[in-house]
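Here the sequence shown is numbered in this note's numbering, starting from 43 and rising by one per residue.
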Amino acid sequence: MKKIYLSSVCVMCLILNSASQTFVNWSAPLSVVSASGYSNIYPRLTLMSGDLPLVTWESASADKIYRAKWTGSSFTLPVAVNPPGVIPFVANWAGAEVASSGDTAHIVFFSEPVMEAEIYIVSSYDGGITFGDTVRVDTPGTSNIPAFPSVAVFPGGNPVVNYMLTDSAMMDAEYLIARSQNGGSSFLPPVIPSLGAPGFVCDCCPASTVIKDNNVALLYRNDDTNIRDIWASFSNDGAATFPVSTEIDQTNWYITACPSSGPSGIIIGDSLFYTWMSDASTDARIYAGSVNINDQEVGSNRQLYPIGTSTQNFPVIAGKGDTLGVVWQGYSGSFQEVLFTYSVTGMSGLGVKVDTLTKAFTGHQSRPDIVFNNGKFHIIYSDSNGSSVKYLSGNVSIATGINESEISGASLSSFYNGESLILNVNSENDRKATCSVYNSVGQSVYTSDIHIAKGKTSKVITENFRSGIYFVSIQDNSGKVLTTKVRITK
Numbered sequence: 043m044k045k046i047y048l049s050s051v052c053v054m055c056l057i058l059n060s061a062s063q064t065f066v067n068w069s070a071p072l073s074v075v076s077a078s079g080y081s082n083i084y085p086r087l088t089l090m091s092g093d094l095p096l097v098t099w100e101s102a103s104a105d106k107i108y109r110a111k112w113t114g115s116s117f118t119l120p121v122a123v124n125p126p127g128v129i130p131f132v133a134n135w136a137g138a139e140v141a142s143s144g145d146t147a148h149i150v151f152f153s154e155p156v157m158e159a160e161i162y163i164v165s166s167y168d169g170g171i172t173f174g175d176t177v178r179v180d181t182p183g184t185s186n187i188p189a190f191p192s193v194a195v196f197p198g199g200n201p202v203v204n205y206m207l208t209d210s211a212m213m214d215a216e217y218l219i220a221r222s223q224n225g226g227s228s229f230l231p232p233v234i235p236s237l238g239a240p241g242f243v244c245d246c247c248p249a250s251t252v253i254k255d256n257n258v259a260l261l262y263r264n265d266d267t268n269i270r271d272i273w274a275s276f277s278n279d280g281a282a283t284f285p286v287s288t289e290i291d292q293t294n295w296y297i298t299a300c301p302s303s304g305p306s307g308i309i310i311g312d313s314l315f316y317t318w319m320s321d322a323s324t325d326a327r328i329y330a331g332s333v334n335i336n337d338q339e340v341g342s343n344r345q346l347y348p349i350g351t352s353t354q355n356f357p358v359i360a361g362k363g364d365t366l367g368v369v370w371q372g373y374s375g376s377f378q379e380v381l382f383t384y385s386v387t388g389m390s391g392l393g394v395k396v397d398t399l400t401k402a403f404t405g406h407q408s409r410p411d412i413v414f415n416n417g418k419f420h421i422i423y424s425d426s427n428g429s430s431v432k433y434l435s436g437n438v439s440i441a442t443g444i445n446e447s448e449i450s451g452a453s454l455s456s457f458y459n460g461e462s463l464i465l466n467v468n469s470e471n472d473r474k475a476t477c478s479v480y481n482s483v484g485q486s487v488y489t490s491d492i493h494i495a496k497g498k499t500s501k502v503i504t505e506n507f508r509s510g511i512y513f514v515s516i517q518d519n520s521g522k523v524l525t526t527k528v529r530i531t532k
């Protein structure tokens, strides 16, 4: 698979510190489906067993929700998961959502026409290969109107579905949560987790549910007399009750119309990390924050993208441990692009550097989604060229044992000539040193002694390196180090 690196197209993020180097090594974007006619609206992503991506998206012209699964070498052909006669709501700001645990996957959506909408779930228990018939999630026989469902999954496969409910005039919106104890075959009566927030929930802003162990959090945009900030409602009994609701957004955004944009979050340890869009600064910006799930104390709450750039929207966050990544859509120049920031030091590193993952491509790119597991980010997005859905992955790599201390009066450069790795050292003095080459995950793949002469010293390394990014270290007897990075392409 072709690799794309920051040095040429600003796709690989490189952060240096005195002890290590971390970066994301991205694959080239891959079309989920090569044939035309399947559309590309609102792509979503989850990981099945073996970290195999399962992708969903929608087609307004075909009234279909499609899914395709990565086999390890390619994506399967798209298959519709909604039965004939069940027409899904399709939009570029809301649509079918997917979540999984192990070999179990659940897709939720609501049907058209909107005034007669119904919430459905379809489920797979064989790794996303086949999906069963629809199961109704909302309660039939009421005049209230359900919409905007999302789904999260407990370990083992039981789903939790949140959805909005309005009255027959589409007013007085609240969020409901329904949970299943039999893998999605049926659902218990729903609870209203947003009762602790003032006013009503924002009536066309999708919400999201996140789960860790028995802790569940619903994130949503509230509407308190047109203050439309982000709130979270918390449960510690598996979504049976939600006794606490907390405002977790400090932007204080006043707007008299629904912005049709909701939050995204993950729970790591005892913290909920989340991201959202706010226009409180007079232009839509991306923010990130954290809150303790036990005492609801809000920690970090800050903007990730600078003022003075064009509108940004629809952020999604993913991560584990101290690694976090946020992806969103926004303008970078004349085109709408997929933007990305990540950190291996928790919230502190988010937004330090923002990369445009699609800068090398023409046309508009939109509605990205992201998941992270086993050191790899997986991203899906909608590409306007050919109305396709694109997927790419990026490994977070840490090259240890390399630091930035410079040898006084010396410099190091390197290049690959197609057969050998060539090192050039310029030095004001003779010295003995050790030459080491590390691969992208910090493993030493070559070590030898080198005598650096006054003036220029060249060293030819004929090892059979694989294609990839390498780090070269020259360390003299005093412990001072020269480093350089080289790309080897075969």
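Glycine included, every Cβ here is placed at the ideal spot set by N, Cα and C.
DSSP state of T75, grouped into three classes?
Here residue 75 is Val; the residue named in the question, Thr, does not match the sequence. DSSP places V75 in coil when its eight states are reduced to three.
K496 versus A452: straight-line alpha-carbon distance, rounded
As the crow flies, the alpha-carbon of K496 is around 10 Å from that of A452.
Starting from the Cα of G245, find the closest Cα among I234, L207, E505 and give me that residue.
The residue asked about is misnamed: residue 245 is Asp in this sequence, not Gly. Nearest in C-alpha terms to D245, of all of I234, L207, E505, is L207.
According to the neighbour-count rule (16 or more other Cβ atoms, all chains shown, within 10 Å of its Cβ), is S515 buried or exposed?
Classification of S515: buried, given that the 10 Å Cβ count is 16 or more.
Starting from G341, trace the beta strand (DSSP E) in both directions and tell me its first and last residue.
340 to 345 is the span of the beta strand (DSSP E), which, as asked, contains G341.
Between the CA atoms of Q345 and R270 - distance to the nearest angstrom:
Cα-Cα distance, rounded: 17 Å.
Anyone know if the C-beta pair for F151 and Y167 falls short of 8 Å?
No; because the gap between Cβ atoms is not below 8 Å, this pair is not in contact.
In the DSSP assignment, find the beta strand (DSSP E) that holds G510 and state where it starts and stops.
Judged by DSSP secondary structure, G510 falls within the beta strand (DSSP E) whose first and last residues are 510 to 518.
So, with DSSP's three-state summary, where would you put M587?
Past the boundaries of the shown model lies residue 587; the chain is included only from 43 to 532, so the question cannot be answered.
Indicate whether I129 and E154 have their beta-carbon atoms separated by less than 8 Å.
Judged by their CB atoms, I129 and E154 are nearer to each other than the 8 Å cut-off.
Taking V164 as the reference, give the member of F190, V123, V252 with the closest Cα.
Answer by Cα proximity: V123.
So R567 is in the beta strand (DSSP E); what residue range does that whole segment cover?
Outside the displayed range of the chain (43 to 532) lies residue 567, so it cannot be described from this structure.
Across which residues does DSSP place Q407 in a beta bridge pair?
In the DSSP output, where bridge partners are listed per residue, Q407 has D425.
Reference V479, options I107, S520, I530, D312, closest by Cα:
Closest option to V479, Cα to Cα, is I530.
Under the three-state DSSP convention, the category D397 falls into
Strand, per DSSP.
V396 to G388 span [Cα, whole Å]:
Rounded to whole angstroms, the gap between the alpha carbons of V396 and G388 is 15 Å.
Short check: CB of Q223 to CB of N200, under 8 Å?
Yes; because the gap between Cβ atoms is below 8 Å, this pair is in contact.
Three-state secondary structure assigned by DSSP to S524:
Note that residue 524 is Leu in the sequence shown here, rather than Ser. Correct three-state label for L524: strand.
Determine the direct distance from the alpha carbon of Y458 to that of V487, and round the result to whole angstroms.
So the two alpha carbons sit approximately 16 Å from each other.
Extent of the continuous beta strand (DSSP E) to which T146 belongs
Looking at the DSSP string, the run of the beta strand (DSSP E) that includes T146 is 146 to 152.
Taking only three categories from DSSP, how would you classify E461?
In the structure shown, E461 sits in coil (DSSP, three-state: anything other than H, G, I, E or B).
3-residue-minimum beta strand (DSSP E) runs that sit fully inside the segment 63 to 129, ordered along the chain:
Correct list: 83 to 90, 94 to 101, 106 to 111.
In this structure, what does DSSP give as the bridge partners for L366?
L366 is bridged to G361, S385.
Using 8 Å as the threshold, is the C-beta distance between N468 and K501 below it?
Not closer than 8 Å, so no.
Does P240 pass the burial test, meaning 16 or more other C-beta atoms within 10 Å, or should it be called exposed?
By the neighbour-count criterion, in which 16 or more other beta carbons inside 10 Å mark a residue as buried, P240 falls on the exposed side.
In terms of DSSP beta bridges, what is P201 paired with?
Paired residues: V195.
Inspect the beta-carbon positions of T146 and V202 and report whether they are closer than 8 Å.
It is not a contact, given that the beta carbons lie outside the stated cut-off.
In terms of residues, what are the limits of the beta strand (DSSP E) holding A330?
If you look at A330, you'll find it in the beta strand (DSSP E) that goes 327 to 334.
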